[in-house]
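Peer 1:
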Amino acid sequence: MRDEVVLITGGSSGIGLATARAFLERGAIVWLSARDEDKLARAAEELGGSIRIAPADVTDLPSLRSLSDRIRSAHGRLDVLINSAGQLDLAPAQDSAELAERLMRVNYIGLANTVAATLPLLHLGSRRSIVCLSSFVGRFAPAYWSAYAASKHAVQAFANSLRQELRPEGFHVGLVLPGPVASPMTSGYLRTPMYPVPFGVPILQPDDVANAIARCVLRRKREVTVPGRFGPLLRIASALPRLSELFFRPARS
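Under numbering that gives the first Met the number 0, the very last position in the sequence shown is 252; numbers go up by exactly one each time.
(1) Can you give the Cα-Cα distance for residue 54 and residue 81, rounded to whole angstroms?
(2) From the DSSP secondary-structure annotation, give me the bridge partner or partners of residue 223.
(3) How many angstroms separate the CA atom of residue 105 from the CA atom of residue 140?
(4) Tell me whether the beta-carbon of residue 114 lies closer than 8 Å to the beta-carbon of residue 60.
(5) Would the segment 198-206 and the segment 121-131 be scored as touching if the rule is three or more Cβ pairs under 8 Å?
(6) In the DSSP assignment, find the alpha helix (DSSP H) that holds residue 234 and state where it starts and stops.
(7) Report yes if the C-beta distance between residue 175 and residue 212 is below 8 Å; otherwise report no.
(8) Measure the C-alpha to C-alpha separation of residue 319 and residue 164 and round it to an integer number of angstroms.
(9) Check whether the segment 209-226 touches the segment 184-199, counting contact only when three or more Cβ pairs, one atom from each stretch, lie closer than 8 Å.
(10) Helix, strand or coil for residue 8, going by three-state DSSP, please let me know.
(11) In its own chain, which residues sit with a C-beta less than 7 Å from the C-beta of residue 127, not counting the 5 before and 5 after it?
(12) Three or more beta-carbon pairs under 8 Å between the segment 63-82 and the segment 90-100, yes or no?
(13) Between which two residues does the alpha helix (DSSP H) containing residue 161 stretch?
(14) Contact defined as beta carbons within less than 8 Å: I believe residue 153 pairs with residue 99. What is the distance between those atoms, to the nearest angstrom?
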């Protein structure tokens, strides 16, 4: 990936930051984007290498178009887009109305905005790869996860439709589905009653997901589950929702 241009949204911490490191190690020129310019500056100082930062809000299409214009001016193309921006909040259904709207706006509409703003530039790239970050819970939703899980299910539907749309033009559209990750986004939730971790499910580190994202791009994989051994379980759970209820029941007892 020497000198390929990669844009990572949500790049100031967690999975996004780890993914930036993974692509820098492979020789890419990485652009990091997030809302907080100070956090981006600290991330750039930590990473070094061929890193560029550009504050942008995925819910604001004009700011994303400005970001795309900056990349076009600097490089004339974009080779890889990693959609890592997202938020996590959990709540009972009766308290989830505003939460559901916010998470859908960031996790799903923000993804759609980013793709719309960067597609013209991706057409000029050589790799033409788009990766969308979803989650185990995009396939099955535990209790209290209705808002977040719905937004991640929407991400999967978007990616699957986009793949069919762009395949004739030589694009790769990959979907990455990680399990529980120890990151700033899950801090305060992980292993609480709202975020139980079933027996046998490991707690991932951001680097685990970052390496899976890199494999998804390099091997042009349609879908990558992290850890990979849970892929069959997710497919079964999608077809038989009752099994996912049984899966989580011991963790809540």
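Where a beta carbon is used, it is the ideal one built from N, C-alpha and C, also for glycine.
Peer 2: Based on what the coordinates show:
(1) Here residue 54 is taken as the residue at index 55 of the sequence shown, counted from 1. Here residue 81 is taken as the residue at index 82 of the sequence shown, counted from 1. Rounded to whole angstroms, residue 54 to residue 81 spans 15 Å at the Cα level.
(2) By 1-based counting over the sequence shown, the position of residue 223 is 224. DSSP lists 175 as partners of residue 223.
(3) If you number the sequence shown from 1, residue 105 lands on position 106. If you number the sequence shown from 1, residue 140 lands on position 141. In a straight line, the C-alpha of residue 105 is about 19 Å away from that of residue 140.
(4) For the purposes of this step, residue 114 is taken as the residue at position 115 of the sequence shown. For the purposes of this step, residue 60 is taken as the residue at position 61 of the sequence shown. Taking 8 Å as the Cβ cut-off, residue 114 and residue 60 do not qualify as a contacting pair.
(5) no
(6) Your numbering for residue 234 matches position 235 in the sequence shown. Residue 234 -> alpha helix (DSSP H) spans 230-238.
(7) Within the sequence shown, the letter at position 176 stands for residue 175. Within the sequence shown, the letter at position 213 stands for residue 212. The answer is yes: Cβ separation under 8 Å.
(8) With the chain represented from 0 up to 252, any question about residue 319 goes unanswered, as that position is not in the structure.
(9) no
(10) Here residue 8 is taken as the residue at index 9 of the sequence shown, counted from 1. Reduced to three states, the DSSP call for residue 8 is strand.
(11) One-based indexing of the sequence shown puts residue 127 at position 128. Answer for residue 127: 121, 169, 170 and 171, listed in chain order.
(12) no
(13) On the sequence shown, position 162 is the one that residue 161 refers to. Per DSSP, residue 161 belongs to the alpha helix (DSSP H) from 145-165.
(14) Working through the sequence shown from its first residue, we reach residue 153 at position 154. Working through the sequence shown from its first residue, we reach residue 99 at position 100. Going by Cβ atoms, the distance from residue 153 to residue 99 rounds to 11 Å, so no, they are not a contact pair.
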